[in-house]
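Asker: Let me give you the structure first, and then I'll get to my questions.
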Amino acid sequence: MHYTGTIWRPPYEAGSLIIEATAGCTHHRCKFCTLYEDLPFKFRPSPLEDIEADLLEAQTWYHDPLRKTEERLFDTDVASCRRVFLAGANPFGLKMAHLLEIAALVRTYFPQCESIGCFSRVTDVARKTDAELRELTEAGFDGLTIGIETGDDKALAFMDKGYAARDIVEQCARLDAAGSGYAFFYLAGISGKGRGIEGAQVTAQVCNQTNPWLIGANMLTVYRSSVLYQEIETGRWAEEGEVEKYEEVKELVSRLDIPVEFAMLGASNPVMLRGRLPEHQQQIVSALDSIIADFGEERLRDYRTSLRHL
Numbered sequence: 002m003h004y005t006g007t008i009w010r011p012p013y014e015a016g017s018l019i020i021e022a023t024a025g026c027t028h029h030r031c032k033f034c035t036l037y038e039d040l041p042f043k044f045r046p047s048p049l050e051d052i053e054a055d056l057l058e059a060q061t062w063y064h065d066p067l068r069k070t071e072e073r074l075f076d077t078d079v080a081s082c083r084r085v086f087l088a089g090a091n092p093f094g095l096k097m098a099h100l101l102e103i104a105a106l107v108r109t110y111f112p113q114c115e116s117i118g119c120f121s122r123v124t125d126v127a128r129k130t131d132a133e134l135r136e137l138t139e140a141g142f143d144g145l146t147i148g149i150e151t152g153d154d155k156a157l158a159f160m161d162k163g164y165a166a167r168d169i170v171e172q173c174a175r176l177d178a179a180g181s182g183y184a185f186f187y188l189a190g191i192s193g194k195g196r197g198i199e200g201a202q203v204t205a206q207v208c209n210q211t212n213p214w215l216i217g218a219n220m221l222t223v224y225r226s227s228v229l230y231q232e233i234e235t236g237r238w239a240e241e242g243e244v245e246k247y248e249e250v251k252e253l254v255s256r257l258d259i260p261v262e263f264a265m266l267g268a269s270n271p272v273m274l275r276g277r278l279p280e281h282q283q284q285i286v287s288a289l290d291s292i293i294a295d296f297g298e299e300r301l302r303d304y305r306t307s308l309r310h311l
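What follows is the structure in structure tokens.
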């Protein structure tokens, strides 16, 4: 398989076939991000011939190896793979023609594949027309994962995310119209020390105007190699404490009034949890209170400082 560096995927894509479509990030300017710092380039699309070769190789994973070779050659059940996840920071930033070619290859080698997922930036959606979004949805692109991070415009601008809160709402409305589902990643701590509650409140306002099937919360972890660490060193930004991050997540959950899965499943979370809103809203809030009470700032901070890599 043609994999470059560390391959990142959402926890809920664990059962998907992972095919690398891009390496690196088209934006590559978020101050907190160190995920692609080891790559010798900013961004690179995977050649279609590499994608095709990987799909061909992956076919062998869905066969019973004890069956006769001639039976496997003509076995239409090779397509028992139901979902493909395209790896890379934001494959949805590729041009539509390229994405459609990838979708065609997926259908060729896995004709029963039901959907194709990938990471997407808000700006990737904005660069596609309504007609293109509909065509991509029809081609199988569904369940995009969008790292909105926050609805706090001050934080978005400071971190150089490249979009504002209103853009999240506008572009997700276009995905809704195209029939494409999506999930959000929220980054607790991105608003900075003393602003976590405010950040959660404005993020809830944004999320309540959209229709994600899941909101996944992660905890900001600042690494020395990041631009954000330099901002801390120069006194231009201060990091939230660990308890403040949990208070922030509590505020977000309490203010969400849309039906949505809520999860904290990534490695940045010392304790993982998942539930459905509004059904499990109070249980999640109570669980977050228990984490704060049982672990406390010092123990939570020990986890953060010992987290060598996400």
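The C-terminal position of the sequence shown is numbered 311 in the working numbering, with every residue numbered one higher than the one before it.
Here a beta-carbon is modelled for each residue, glycine too, at the ideal position from N, C-alpha and C.
1) Between the segment 226–233 and the segment 274–282, are three or more C-beta pairs nearer than 8 Å?
2) For VAL250 and TYR304, I'd like the C-alpha separation in whole angstroms.
3) Tell me whether TYR4 is buried or exposed, calling it buried when 16 or more other Cβ atoms sit within 10 Å of its Cβ.
4) Could you tell me if HIS28 is buried or exposed, where buried requires 16 or more neighbouring beta carbons within 10 angstroms of its beta carbon?
5) Exposed or buried, PRO46, counting other C-beta atoms within 10 Å across all chains shown (16 or more means buried)?
6) Considering only heavy atoms of the ligand ADP, does any lie closer than 8 Å to the CB of ARG175?
7) Reducing DSSP to helix, strand and coil, say where TYR183 ends up.
8) Looking only at its own chain, which residues have a Cβ that is under 6 Å from the Cβ of GLY1, when we skip the five neighbours before and after it?
9) Is it buried or exposed, THR61, if we count other Cβ atoms within 10 angstroms and call 16 or more buried?
10) Throw me the rounded Cβ distance for the GLU199 and VAL244 pair, which I believe falls under 8 Å.
11) Hey, LEU257 and ALA205 are a contact pair by Cβ (cut 8 Å); roughly how many whole angstroms apart?
12) Can you find the residues in the same chain that come closer than 6 Å, C-beta to C-beta, to LEU274, ignoring five residues on each side of it along the sequence?
13) List the endpoints of the continuous beta strand (DSSP E) containing SER1.
14) Can you give me the Cβ contacts of THR124 inside the same chain, cut-off strictly under 6 Å, excluding the 5 residues immediately before and after it?
15) So for PHE33, helix, strand or coil by DSSP?
16) Spell out the partners DSSP gives GLU262 in its beta bridges.
17) In the DSSP assignment, the beta strand (DSSP E) including PHE44 goes from what residue to what residue?
18) In its own chain, which residues sit with a C-beta less than 6 Å from the C-beta of VAL203, not counting the 5 before and 5 after it?
19) If you run the structure through DSSP and keep just helix, strand and coil, what is GLU150?
Answerer: Looking at the atomic coordinates:
1) Output reads no: the segment 274–282 does not touch the segment 226–233.
2) In the sequence shown, the residue the question calls residue 250 occupies position 249. In the sequence shown, the residue the question calls residue 304 occupies position 303. Their Cα atoms are separated by approximately 18 Å.
3) Residue numbering aside, residue 4 sits at position 3 when the sequence shown is read from its first letter. Exposed.
4) Looking up residue 28 in the sequence shown gives position 27. Counting Cβ neighbours within 10 Å, HIS28 comes out buried, since at least 16 surround it.
5) Numbered from 1 along the sequence shown, position 45 holds the residue referred to as residue 46. Counting Cβ neighbours within 10 Å, PRO46 comes out buried, since at least 16 surround it.
6) Ligands displayed in this structure: none; no statement on the ligand ADP is therefore possible.
7) The count along the sequence shown starts at 1 and reaches residue 183 at position 182. Strand.
8) An answer regarding residue 1 cannot be provided, because it is not within the stretch 2 to 311 covered by the chain.
9) Position 60 of the sequence shown, counted from the first residue, corresponds to residue 61. THR61 comes out exposed.
10) Here residue 199 is taken as the residue at index 198 of the sequence shown, counted from 1. Here residue 244 is taken as the residue at index 243 of the sequence shown, counted from 1. Not quite, the Cβ-Cβ distance comes to about 16 Å (not below 8 Å), so this is no contact.
11) Position 256 of the sequence shown, counted from the start, is the residue given in the question as residue 257. Position 204 of the sequence shown, counted from the start, is the residue given in the question as residue 205. Correct: roughly 5 Å between the Cβ atoms.
12) Looking up residue 274 in the sequence shown gives position 273. When the five nearest sequence neighbours on each side are left out, the beta carbons in the same chain lying within less than 6 Å of the beta carbon of LEU274 are those of MET265, ALA288, in order along the chain.
13) Residue numbering for the chain in the displayed model covers 2 to 311; residue 1 lies beyond these limits and cannot be assessed.
14) Position 123 of the sequence shown, counting from 1, holds the residue named residue 124. For THR124, where only same-chain residues beyond five positions count, the Cβ hits under 6 Å are GLY163, TYR164.
15) Position 32 of the sequence shown, counted from the start, is the residue given in the question as residue 33. DSSP places PHE33 in coil when its eight states are reduced to three.
16) For the purposes of this step, residue 262 is taken as residue 261 along the sequence shown, with counting starting at 1. Its beta-bridge partners are LEU215, ARG277.
17) What you label residue 44 is simply residue 43 of the sequence shown in a count that begins at 1. Per DSSP, PHE44 belongs to the beta strand (DSSP E) from 44–46.
18) Along the sequence shown, read from residue 1 onward, the residue named residue 203 stands at position 202. Hits under 6 Å: GLY152, ASP153.
19) Counting from one through the sequence shown, the residue named residue 150 turns up at place 149. Reduced to three states, the DSSP call for GLU150 is strand.
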